[in-house]
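**Student:** Encoded as structure tokens, here's the structure I'll be asking about.
Residue numbers (the UniProt record's numbering), protein chains in the order written: chain A, 1 to 312; chain B, 1 to 378.
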């Protein structure tokens, strides 16, 4: 029997607005932590908001012979997909809507991002942007399968693809204890599909900003916000799937989930910013030769535990 | 002051700055970068990302034209500052910021700017009767047009060079007056799109004024050629009095290209601190810690290793580790300067990101090009 969703409890429109607000707050938090670590000064925490305000007064760029329609679709799709992926992340113990295949929904939003980022690179008709698009697809080949196996491992242990069921199964033991590999792969893949930190090659400075090199004004704001919201949503999802979500003593549940999300964000940014950008051609090799076997092994271990009634 | 104006003022309080340092303005650039770091203003990586265009020193005629094209690609609100002397920098930046806020307030939308197409048209005409600008790069009429590439759009501008008939390539039709990319065999024996691109003369971590022209298949560069803009009028060699600061600067630029912003930030801090007497010890500690971190980084070795091997000089990573030694204060003997043809051979067949890392790992300046007439092979 599925629990009530946010949309049923609050009404659809307030629930959607609530999720959008949560997503934007998460995005700002991610961007602020990132700025503080990169610039090494705590006053940098307001820079993402200043950056957003600046982009609102900036002119949109035109290029010579752009594919304007596809370009705009790509720019709008990035933040939209990020917010849609948040729809199945439990917020306050409930998801916005429940699909009986929440994990597949989350993964689908992230897979659609391939098309969105490719269009952002293709649209402006410029070399660096197009190269960034190519790189994102190459990088996608590296992280997609490990990410899917990591997600499905959590679903396997709970015997359900519904995120609220996965939360309920973790009441006694957080999944991160029995599936550390899946947890790490999930968080690293989140950085990869937001093409951030060591996986920022599609928007790397060596190709003058790559897919973002021709974006200005609202277009840039949409894409940058989308990347940050994706990271924030993935951190919240990691906290729900592997860190027990809102379970914890003394404090109210939503606060626990928030604290765990912030911890994932802080750890991700701190580790991610301590290394240079990884080249996509080399990450593909690691993705297929190391991570796919590792995540499969992880799934096997969890499957054996499930058969022994470990999670029951 | 009303709320909107205040908000606008706040939003533009830390504009993004695109620095163009004319060749020979290296130490000048250091002082400007130190000033930007003090103010917390970030550097832009592309014209689309730019609020303030700051041109340091006196660019030669070809670089000046390239900067004009770059300027035409900067979205409103924008402001351009030309600075000649280091002591004017703080004032010029303040004025630039104020002008930017005014411009944002006036709602200027840049209708006065020339379109990319008209700039291309202009170049094409000049190419026809301005062969003297070619500086022996071996491309009749190509040099000028692609010198204007600025930081982006190899595709658009380059196409015009085909249009002007200097290259006997087939193209499959035209789009917006530009020829489509043609196809050619790639390294795996497939027929792949060939795009004529030019990198430079202004890119992050790239020696200003250097232009790399090549065919791009996917993201692999082939038939690369390099040339300096205004090579004939390059300023006399600027003797680097402080090799430790110079090494830290090179390191910072390489780390920028390698996408390691925290390490690049530390390299800049150490470089700027070394100039101030009060913080010298702290800067030295920072420089040593950074040099250790970079030269021991396994991730950097894994991601940037194995590219740009050059005879006895080792690969790109070895050159960077040499700089790390220099940055921490050890004396290291100089490597012989490298000719542009030698660099072109190194980037031949490299992925575009690797090519950028290779160029960033070499200490290139137009002076060495002048002192090695006829591009002698290294």
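The beta carbon of each residue, even a glycine, is placed where N, CA and C say it ideally should be. These numbers were taken from a predicted model, which means no experiment stands behind them.
Using beta carbons (cut-off 7 angstroms, strictly below), is residue 140 (chain A) in contact with chain B?
**Tutor:** Locating residue 140 (chain A) in the first chain gives position 140, where the first residue counts as 1. No - not a single Cβ of chain B is within 7 angstroms of the one on residue 140 (chain A).
**Student:** Can you tell which of B:292, B:206, B:53 has its C-alpha closest to the C-alpha of residue 329 (chain B)?
**Tutor:** Counting from 1 along the second chain, the entry for residue 329 (chain B) is found at position 329. Out of B:292, B:206, B:53, B:292 has the C-alpha closest to the C-alpha of residue 329 (chain B).
**Student:** Name, please, each residue of chain A whose Cβ falls closer than 8 angstroms to the Cβ of residue 65 (chain B).
**Tutor:** Within the second chain, residue 65 (chain B) is the residue found at index 65, counting from 1. Near residue 65 (chain B) there are no residues of chain A at all, since even the closest Cβ is about 18 angstroms away, more than 8 angstroms.
**Student:** Can the beta-carbon of residue 337 (chain B) be found closer than 7 angstroms to that of residue 201 (chain B)?
**Tutor:** In the second chain, counting from the first residue as 1, residue 337 (chain B) sits at position 337. In the second chain, counting from the first residue as 1, residue 201 (chain B) sits at position 201. It is not a contact, given that the beta carbons lie outside the stated cut-off.
**Student:** Would you kindly work out how many angstroms separate the C-alpha atoms of residue 300 (chain A) and residue 240 (chain A), rounded to a whole number?
**Tutor:** As a working note, residue 300 (chain A) is residue 300 in the first chain. As a working note, residue 240 (chain A) is residue 240 in the first chain. Roughly 22 angstroms separates the two Cα atoms.
**Student:** Using DSSP with H/G/I as helix, E/B as strand and the rest coil, what is residue 220 (chain B)?
**Tutor:** If you number the second chain from 1, residue 220 (chain B) lands on position 220. In the structure shown, residue 220 (chain B) sits in a strand (DSSP, three-state: E or B).
**Student:** Cα separation between residue 28 (chain A) and residue 134 (chain A)?
**Tutor:** Position 28 of the first chain, counting from 1, holds the residue named residue 28 (chain A). Position 134 of the first chain, counting from 1, holds the residue named residue 134 (chain A). So the two alpha carbons sit approximately 28 angstroms from each other.
**Student:** For the segment 349–366 of chain B, enumerate the residues whose C-beta is nearer than 9 angstroms to any C-beta of chain A, in chain order.
**Tutor:** Residues 351, 352, 353, 354, 355, 356, 357, 360.
**Student:** Within a Cβ cutoff of 8 angstroms, which residues of the same chain sit near residue 185 (chain B), ignoring the five residues on either side of it in sequence?
**Tutor:** Here residue 185 (chain B) is taken as the residue at index 185 of the second chain, counted from 1. If we look at residue 185 (chain B) and ignore the five residues flanking it on each side, its Cβ neighbours are 191, 192.
**Student:** State the beta-bridge partners of residue 62 (chain A) as determined by DSSP.
**Tutor:** Along the first chain, one-based indexing puts residue 62 (chain A) at 62. None; residue 62 (chain A) has no bridge partner.
**Student:** With distance defined between alpha-carbon atoms, name the residue in B:45, B:38, B:89 nearest to residue 28 (chain B).
**Tutor:** As a first step, residue 28 (chain B) must be located in the second chain, where it is residue number 28. When only C-alpha atoms are compared, the closest one is B:89.
**Student:** Taking residue 26 (chain A) and residue 232 (chain A) to be in contact with their CB atoms under 8 angstroms, please state how far apart those CB atoms are, rounded to whole angstroms.
**Tutor:** The residue given as residue 26 (chain A) occupies position 26 in the first chain. The residue given as residue 232 (chain A) occupies position 232 in the first chain. Residue 26 (chain A) to residue 232 (chain A), Cβ: 3 angstroms. Contact.
**Student:** Reducing DSSP to helix, strand and coil, say where residue 256 (chain A) ends up.
**Tutor:** For this step, residue 256 (chain A) is matched to residue 256 along the first chain. If DSSP states are grouped into helix, strand and coil, residue 256 (chain A) belongs with the helices.
**Student:** From residue 285 (chain B) to residue 79 (chain A), what distance separates their C-alpha atoms?
**Tutor:** Here the question's residue 285 (chain B) lines up with position 285 in the second chain. Here the question's residue 79 (chain A) lines up with position 79 in the first chain. In a straight line, the C-alpha of residue 285 (chain B) is about 43 angstroms away from that of residue 79 (chain A).
**Student:** Going by DSSP, what residue range makes up the alpha helix (DSSP H) through residue 282 (chain B)?
**Tutor:** Within the second chain, numbered from 1, the residue matching residue 282 (chain B) stands at position 282. Residue 282 (chain B) -> alpha helix (DSSP H) spans 280–296.
**Student:** According to DSSP, which residues form a beta bridge with residue 19 (chain B)?
**Tutor:** Taking the first residue of the second chain as position 1, residue 19 (chain B) is located at position 19. DSSP lists B:54 as partners of residue 19 (chain B).
**Student:** According to a CB-to-CB cut-off of less than 8 angstroms, which residues of the segment 32–56 of chain A neighbour chain B?
**Tutor:** From the segment 32–56 of chain A, only 37, 38, 39, 40, 41, 43, 44, 47, 50, 53, 54, 56 have a Cβ closer than 8 angstroms to chain B.
**Student:** Count the other CB atoms, across all protein chains shown, that sit within 10 Å of the CB of residue 154 (chain A); report buried if there are 16 or more and exposed otherwise.
**Tutor:** Taking the first residue of the first chain as 1, we reach residue 154 (chain A) at position 154. By the neighbour-count rule (16 or more Cβ atoms within 10 Å), residue 154 (chain A) is buried.
**Student:** Starting from the beta carbon of residue 137 (chain A), find every residue of chain B whose beta carbon is closer than 7 angstroms, and list them in chain order.
**Tutor:** Here residue 137 (chain A) is taken as the residue at index 137 of the first chain, counted from 1. Those within 7 angstroms of residue 137 (chain A) in chain B number zero; the least Cβ separation is about 11 angstroms.
**Student:** For a contact defined as C-beta to C-beta under 7 angstroms, what are the partners of residue 46 (chain B) on chain A?
**Tutor:** Reading the second chain from its first residue, position 46 is the one you call residue 46 (chain B). What residue 46 (chain B) touches in chain A: 208, 209, 213.
**Student:** 7 angstroms is my cut-off, CB to CB: does residue 19 (chain B) come that close to chain A?
**Tutor:** As a first step, residue 19 (chain B) must be located in the second chain, where it is residue number 19. Not closer than 7 angstroms to any Cβ of chain A, the Cβ of residue 19 (chain B) fails to qualify, so no.
**Student:** With 7 angstroms set as the bound, which would you pick, yes or no: does the beta-carbon of residue 153 (chain B) sit closer than that to a beta-carbon of chain A?
**Tutor:** On the second chain, position 153 is the one that residue 153 (chain B) refers to. Annotation note: pLDDT 42 at residue 153 (chain B) (below 50); position unreliable, coordinate value reported separately. At least one chain A Cβ lies under 7 angstroms of residue 153 (chain B).
**Student:** For residue 87 (chain B), count the other beta carbons within 10 Å of its own beta carbon; 16 or more makes it buried, fewer makes it exposed. Which is it?
**Tutor:** Here residue 87 (chain B) refers to the residue found at position 87 of the second chain. So residue 87 (chain B) counts as exposed.
**Student:** At which residues does the beta strand (DSSP E) containing residue 182 (chain B) begin and terminate?
**Tutor:** For the purposes of this step, residue 182 (chain B) is taken as residue 182 along the second chain, with counting starting at 1. Segment 182–185, the beta strand (DSSP E) holding residue 182 (chain B).
**Student:** Considering residue 192 (chain B), what are the terminal residues of the beta strand (DSSP E) in which it resides?
**Tutor:** Taking the second chain and counting its residues from 1, one reaches residue 192 (chain B) at position 192. Taken as a continuous stretch (DSSP letters only), the beta strand (DSSP E) holding residue 192 (chain B) covers 191–199.
**Student:** Can you give me the Cβ contacts of residue 47 (chain A) inside the same chain, cut-off strictly under 7 angstroms, excluding the 5 residues immediately before and after it?
**Tutor:** Translated into positions along the first chain, residue 47 (chain A) becomes position 47. Here the set comprises 35.
**Student:** Comparing C-alpha positions only, which one of A:30, A:202, A:107, A:309 sits nearest to residue 145 (chain A)?
**Tutor:** Mapped onto the first chain, residue 145 (chain A) falls at position 145. Among A:30, A:202, A:107, A:309, the Cα nearest to that of residue 145 (chain A) is on A:107.
**Student:** Between which two residues does the beta strand (DSSP E) carrying residue 82 (chain B) extend?
**Tutor:** As a working note, residue 82 (chain B) is residue 82 in the second chain. Looking at the DSSP string, the run of the beta strand (DSSP E) that includes residue 82 (chain B) is 79–83.
**Student:** What separation, rounded to the nearest whole angstrom, lies between the Cα atoms of residue 308 (chain A) and residue 83 (chain A)?
**Tutor:** Taking the first chain and counting its residues from 1, one reaches residue 308 (chain A) at position 308. Taking the first chain and counting its residues from 1, one reaches residue 83 (chain A) at position 83. Going from the Cα of residue 308 (chain A) to the Cα of residue 83 (chain A) covers about 38 angstroms.
**Student:** At a Cβ threshold of 7 angstroms, is residue 310 (chain A) touching chain B?
**Tutor:** As a working note, residue 310 (chain A) is residue 310 in the first chain. So no, residue 310 (chain A) is outside the interface.
**Student:** Below 8 angstroms on the Cβ atoms is my guess for residue 117 (chain A) versus residue 249 (chain A); work out the distance and round it to an integer in Å.
**Tutor:** Locating residue 117 (chain A) in the first chain gives position 117, where the first residue counts as 1. Locating residue 249 (chain A) in the first chain gives position 249, where the first residue counts as 1. About 41 angstroms separates the two Cβ atoms, so there is no contact after all.
**Student:** Using alpha carbons as the reference points, say which of A:54, A:296, A:120, A:284 lies closest to residue 71 (chain A).
**Tutor:** Here residue 71 (chain A) corresponds to residue number 71 of the first chain, with the count starting at 1. With distances taken between Cα atoms, residue 71 (chain A) lies closest to A:120.
**Student:** Is the CB-CB distance between residue 319 (chain B) and residue 361 (chain B) below 7 angstroms?
**Tutor:** Taking the first residue of the second chain as position 1, residue 319 (chain B) is located at position 319. Taking the first residue of the second chain as position 1, residue 361 (chain B) is located at position 361. Yes; because the gap between Cβ atoms is below 7 angstroms, this pair is in contact.
**Student:** Quickly, what does DSSP pair residue 225 (chain B) with across the bridge? List them, please.
**Tutor:** What you label residue 225 (chain B) is simply residue 225 of the second chain in a count that begins at 1. According to DSSP, residue 225 (chain B) bridges with B:213.
**Student:** Is residue 90 (chain A) near residue 24 (chain A), with beta carbons less than 7 angstroms apart?
**Tutor:** As a working note, residue 90 (chain A) is residue 90 in the first chain. As a working note, residue 24 (chain A) is residue 24 in the first chain. No, the Cβ-Cβ distance between residue 90 (chain A) and residue 24 (chain A) is not below 7 angstroms.
**Student:** Does the beta-carbon of residue 125 (chain A) have 16 or more other beta-carbons within 10 angstroms, so that it is buried, or is it exposed?
**Tutor:** For this step, residue 125 (chain A) is matched to residue 125 along the first chain. Residue 125 (chain A) comes out buried.
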